[in-house]
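Engineer: Here it is, the structure, as structure tokens.
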Amino acid sequence: MTFTTTISGWGNYPQQEAQLLTPSSCAALHAVIKREGSVIARGMGRSYGDSANAPKVLQTSHCDHFVEFDEKTGRLTAEAGIILREILKVIVHRGWFLPVTPGTSYVTFGGAIASDVHGKNHHISGTFGQHVKSIRMVLGTGEVVTTSEDENPDLFHATCGGMGLTGVIISATIQLLPIRSSLINQKTIKADCIEAACEAFEDNSSTTYSVAWIDCLAKGKSLGRSVLMLGEHAESGGFKIDIKDPVSIPFNTPSALLSSLTMKTFNGAYWHKANHNHTQTVPLMPYFYPLDAIGNWNKLYGKSGFLQFQCVIPKDDGIENMRKLLTEIAESGEGSFLAVLKEFGKANINLLSFPTEGYTLALDFKVTTSAIITLHRLEDMVVGMGGRVYLTKDAVMQEATFKATYPKWEEFESVRDKYGAIGKFSSAQSKRLGLA
Amino acid sequence: MKRVLIIGAMSAIAEHCARIWAARGDELYLVARNEAHVQTIASDLRVRGASSVTINCVDLNEMDRHVELLDAAENAMGGVDIVLIAHGTLSNQKSCELSVNQTLQEIQTNALSTVSLLTLIANRFEAKRDGTICVISSVAGDRGRASNYVYGAAKAMVTAFTSGLRQRLHKSNVAVVTIKPGFVDTPMTAEFKKGLLWAKPNMVATKIVIAIDKKREEVYVPAFWWLMMQVITMIPNKIFKKMGF
Chain E
90 MTFTTTISGW GNYPQQEAQL LTPSSCAALH AVIKREGSVI ARGMGRSYGD SANAPKVLQT
150 SHCDHFVEFD EKTGRLTAEA GIILREILKV IVHRGWFLPV TPGTSYVTFG GAIASDVHGK
210 NHHISGTFGQ HVKSIRMVLG TGEVVTTSED ENPDLFHATC GGMGLTGVII SATIQLLPIR
270 SSLINQKTIK ADCIEAACEA FEDNSSTTYS VAWIDCLAKG KSLGRSVLML GEHAESGGFK
330 IDIKDPVSIP FNTPSALLSS LTMKTFNGAY WHKANHNHTQ TVPLMPYFYP LDAIGNWNKL
390 YGKSGFLQFQ CVIPKDDGIE NMRKLLTEIA ESGEGSFLAV LKEFGKANIN LLSFPTEGYT
450 LALDFKVTTS AIITLHRLED MVVGMGGRVY LTKDAVMQEA TFKATYPKWE EFESVRDKYG
510 AIGKFSSAQS KRLGLA
Chain Y
71 MKRVLIIGAM SAIAEHCARI WAARGDELYL VARNEAHVQT IASDLRVRGA SSVTINCVDL
131 NEMDRHVELL DAAENAMGGV DIVLIAHGTL SNQKSCELSV NQTLQEIQTN ALSTVSLLTL
191 IANRFEAKRD GTICVISSVA GDRGRASNYV YGAAKAMVTA FTSGLRQRLH KSNVAVVTIK
251 PGFVDTPMTA EFKKGLLWAK PNMVATKIVI AIDKKREEVY VPAFWWLMMQ VITMIPNKIF
311 KKMGF
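If you want it as structure tokens, here you go:
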């Protein structure tokens, strides 16, 4: 049940030769873990960088079963390898939704926990892990344990956001969100500079979903001009959900398609197309997962792949600092196709979870040496601002940056040590960041 | 709502077909070897919306139990509308070459047990003049190759048997659908390196369910295998015997 192949994260960078271990069921999982040396669990390979890269990866594709769903209470138990898209097919027409969802439905349930993903409602609902009631996982010893807020809580808070480094999740239980309709009332607000954007987030902090597309290439007075998209679940309209298979881009496109001129045009057009204060009702899938309609948009960046940079900076001096970051990005001329700005709510107590209160910015860079240098420069700026970079997006962060910005990393290591994870679970990323 | 009997429910292809039927609210009867694993599958199908899921664990090589098995399925669901036969093993060609017993065992599992089931099901469906029988054969049955001719020979038998059965049952309003998958990425093929020719089981299952809905005859999945096999079966033996695939 193994073979060797080249793997990479969603950014197609870095790539690695890896032995793929694919247990045929969850029951076969712990035998594999007991037998093998160091592995890392891998689901859809949708983290951007190298967090699911390792010489040996444990593919969870066949651990993709629902275990139990209580339609009355909205408690759902499923195996780790099931993808959120499959969950949506089952829950939405019964009046439930994911309490927190990332921007793609092509991530596994286990991956969402390991990355402790956030969504457009972070300021209200926190992260994915905050809705997880319990996790069943295999430890490095081969032992199967249950962990929750009450049972082995140290392991729970290390596993949510723990990038798969504490063990392998078999299944988990999550509390879903009741909805009255599968439609979303969306409101668009145009903000012509960064101040206006941050103010708009402030003014709409009671709105459930909020996110902004930010034009990173705009300079001067327009620096940080954004289109804010606010959303609320509609009160009526039925529970229709249309989950289609995406259109795929069959090959890597010439990266000239993403030259700075095309990007400038795209970003500019997006800004001019948006209508200020425009309200419309949209279906759930395109609202939450607009890019899922194109199967592998990552190939738009060509063979060399791309890097994603997502940071969060504290609210204090947040606008001024965001201006500095945006200026740096605009000057590098390498900024991206997709740039997202959002205001985060309070941090949780998970040891390596990314979100902290403040502003988060996410954008892509085509992989080039100068882009990596730019990213390191941005990283250093973020450290100076008291912020941090998201591990799920990261492929190039330096060890010192990680250790300075994730102060609970030592506690994380001691939990890993306690539960037999050291030497058993590691990724290219964990090695790069200096974790044991 | 259909009543579907799935023989070999642990096969990844069959499981993905079952997921589609479950989402439609169909009644399912699962036959498989491994009790624990089929329980996992059954719970999954219930959550996905199957109106009922019944499990029966038998070793299909015990052919004298086939009648009992079909009776049990009919009783549990009050009849059967669709049968999907998907059980099988991917023979280890090398060890078959060294052992008559193992070769015959593979033929038994992949062909004879299916022939036994088909004979019984055909008579039942013929009598009620209704029903669809779908059997997973393989492109490997279209031409024997050095690398897996034991498996291929068994599948060739299944293909020929279902072809005849289709003719016989046509006038009784019973459809016989033969599916010929190419390479599918399942636990059965976990040790093979996957390339461009490999299909995902959910995609293959979607095509199978459509083929059953439309009562198709012989279906290659993915469809490009039809062309590939046309070419492969046309190669003269003089040349074919020297080829190394």
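Chains E and Y are the protein sequences, given in the same order. Residues 90 to 525 (this note's numbering) are what the first sequence spells out, left to right. Residues 71 to 315 (this note's numbering) are what the second sequence spells out, left to right. All C-beta atoms in this analysis are idealised placements derived from N, C-alpha and C, irrespective of residue type, glycine included.
Please determine, among Ser122/Y, Ala82/Y, Asp200/Y, Arg89/Y, the residue with the shortest C-alpha to C-alpha distance to histidine 157/Y.
Structural biologist: For histidine 157/Y, the nearest C-alpha among the options comes from Ala82/Y.
Engineer: Excluding five sequence neighbours on each side, which residues of the same chain lie with their C-beta closer than 7 Å to the C-beta of glutamate 85/Y?
Structural biologist: Hits under 7 Å: Ala79, Ile111.
Engineer: Nearest CA to the CA of valine 179/E: which residue from Phe315/Y, Ala92/Y, Lys312/Y?
Structural biologist: Selected option, being the one with the closest Cα: Ala92/Y.
Engineer: Quick check on phenylalanine 433/E: does DSSP put it in helix, strand or coil?
Structural biologist: Note: phenylalanine 433/E maps to strand in three-state DSSP.
Engineer: Taking the alpha carbon of threonine 463/E as the reference point, which residue from Ile273/E, Glu417/E, Glu284/E has its own alpha carbon closest?
Structural biologist: Out of Ile273/E, Glu417/E, Glu284/E, Glu417/E has the C-alpha closest to the C-alpha of threonine 463/E.
Engineer: Are the CB atoms of cysteine 152/E and glycine 134/E nearer to each other than 9 Å?
Structural biologist: Against a cut-off of 9 Å, the Cβ pair of glycine 134/E and cysteine 152/E comes out as no contact.
Engineer: I'd like to confirm something about methionine 226/E: is its beta-carbon nearer than 8 Å to some heavy atom of the ligand SAM, or not?
Structural biologist: Although the ligand SAM was asked about, the structure shown includes no ligands whatsoever.
Engineer: Output the boundary residues of the alpha helix (DSSP H) element that contains isoleucine 462/E.
Structural biologist: 458 to 473 is the extent of the alpha helix (DSSP H) around isoleucine 462/E.
Engineer: Do phenylalanine 377/E and lysine 209/E have their C-beta atoms closer together than 9 Å?
Structural biologist: For phenylalanine 377/E and lysine 209/E, yes; Cβs fall inside 9 Å.
Engineer: Report the three-state DSSP secondary structure of valine 153/Y (helix, strand or coil).
Structural biologist: Three-state DSSP puts valine 153/Y in a strand.
Engineer: Tell me, which residues are paired with proline 267/E by DSSP?
Structural biologist: Per DSSP, Trp185/E.
Engineer: Taking CB distances under 9 Å as the criterion, tell me whether glutamate 157/E reaches chain Y.
Structural biologist: Yes, glutamate 157/E lies at the interface with chain Y (some Cβ there is under 9 Å from its Cβ).
Engineer: Per DSSP, which residues does serine 223/E bridge with? Please list them.
Structural biologist: Looking at the DSSP assignment, serine 223/E forms a beta bridge with Ser237/E, Thr262/E.
Engineer: Hey, does isoleucine 305/Y have any beta-carbon neighbour from chain E nearer than 9 Å?
Structural biologist: No - not a single Cβ of chain E is within 9 Å of the one on isoleucine 305/Y.
Engineer: Per DSSP, what kind of secondary structure is methionine 527/E in: helix, strand or coil?
Structural biologist: The shown model of chain E, from 90 to 525, leaves out residue 527/E, and the question about it has no answer.
Engineer: Which residues in chain E have a C-beta closer than 8 Å to the C-beta of aspartate 114/Y? List them in chain order.
Structural biologist: Chain E residues near aspartate 114/Y: His154, Phe155, Val156.
Engineer: Express the C-alpha separation of arginine 103/Y and serine 114/E in angstroms, rounding to a whole number.
Structural biologist: Each residue's Cα considered, the two are about 14 Å apart.
Engineer: Please report the Cβ distance between glutamate 247/Y and glutamate 196/Y, rounded to the nearest whole angstrom; I am assuming they are in contact, meaning their Cβ atoms lie under 8 Å.
Structural biologist: Note on identity: in this sequence residue 247/Y is valine, with glutamate being the wrong assignment. Not a contact, Cβ separation roughly 16 Å.
Engineer: Below 8 Å on the Cβ atoms is my contact criterion, and I expect glycine 100/E with glutamine 397/E to pass it. Report the Cβ-Cβ distance as a whole number of Å.
Structural biologist: Between glutamine 397/E and glycine 100/E the Cβ distance is about 6 Å, and since that is below 8 Å, they are a contact.
Engineer: Using a threshold of 9 Å, state whether the C-beta atoms of alanine 120/Y and glutamate 97/Y are closer than that.
Structural biologist: Their beta carbons are under 9 Å apart, which means alanine 120/Y touches glutamate 97/Y by this criterion.
Engineer: Under 8 Å, CB to CB, which of the residues in the region 80 to 109 of chain Y have a partner in chain E?
Structural biologist: From the region 80 to 109 of chain Y, only Ala82, Ala93, Ala106, His107 have a Cβ closer than 8 Å to chain E.
Engineer: Helix, strand or coil: which one does DSSP assign to lysine 455/E?
Structural biologist: Here lysine 455/E sits in strand by DSSP.
Engineer: What residues in the region 258 to 275 of chain Y have a beta carbon less than 8 Å from any beta carbon of chain E?
Structural biologist: Taking 8 Å as the Cβ-Cβ cut-off against chain E, the residues of the region 258 to 275 of chain Y that qualify are Ala260, Glu261, Phe262, Lys263, Lys264.
Engineer: Given a threshold of 16 other Cβ atoms within 10 Å of its Cβ, counted over all protein chains shown, does leucine 267/Y qualify as buried or as exposed?
Structural biologist: With fewer than 16 other Cβ atoms within 10 Å, it is exposed.
Engineer: Flag alanine 167/E as yes if its beta-carbon sits less than 9 Å from any beta-carbon of chain Y, otherwise no.
Structural biologist: Alanine 167/E counts as touching chain Y.
Engineer: Taking the Cβ atom as the reference point for each residue, do valine 206/E and phenylalanine 217/E lie within a distance shorter than 9 Å?
Structural biologist: The answer is yes: Cβ separation under 9 Å.
Engineer: So does the region 421 to 430 of chain E actually touch the region 485 to 496 of chain E, counting three or more Cβ pairs closer than 8 Å?
Structural biologist: Output reads no: the region 485 to 496 of chain E does not touch the region 421 to 430 of chain E.
Engineer: Please return the same chain residues whose Cβ sits closer than 7 Å to the Cβ of glutamine 178/Y, not counting the five positions on each side in sequence.
Structural biologist: Result list for glutamine 178/Y: Asn131, in chain order.
Engineer: Under three-state DSSP, which class holds serine 233/Y?
Structural biologist: Note: serine 233/Y maps to helix in three-state DSSP.
Engineer: Answer yes or no: do leucine 265/E and arginine 164/E have a C-beta to C-beta separation smaller than 9 Å?
Structural biologist: Yes, they are a contact pair.
Engineer: Going by Cα to Cα distance, which pick from Leu480/E, Leu177/E, Ala301/E is closest to leucine 522/E?
Structural biologist: Closest option to leucine 522/E, Cα to Cα, is Leu480/E.
Engineer: Identify the contact partners of isoleucine 111/Y in chain E, using a Cβ-Cβ distance below 9 Å as the criterion.
Structural biologist: By Cβ distance, chain E contributes His154.
Engineer: State the Cα-Cα distance for the pair serine 233/Y and leucine 239/Y, rounded to the nearest angstrom.
Structural biologist: When rounded, the distance between both Cα atoms is 10 Å.
Engineer: In chain Y, which residues lie with their C-beta within 8 Å of the C-beta of serine 97/E?
Structural biologist: Result: empty, since nearest Cβ-Cβ is about 15 Å, beyond 8 Å.
Engineer: Whole angstroms are fine: how far does the CA of threonine 297/E sit from the CA of valine 244/Y?
Structural biologist: Each residue's alpha carbon lies about 54 Å from the other.
Engineer: Answer with buried or exposed for proline 496/E, where buried requires no fewer than 16 other C-beta atoms within 10 angstroms of its C-beta.
Structural biologist: It counts as exposed.
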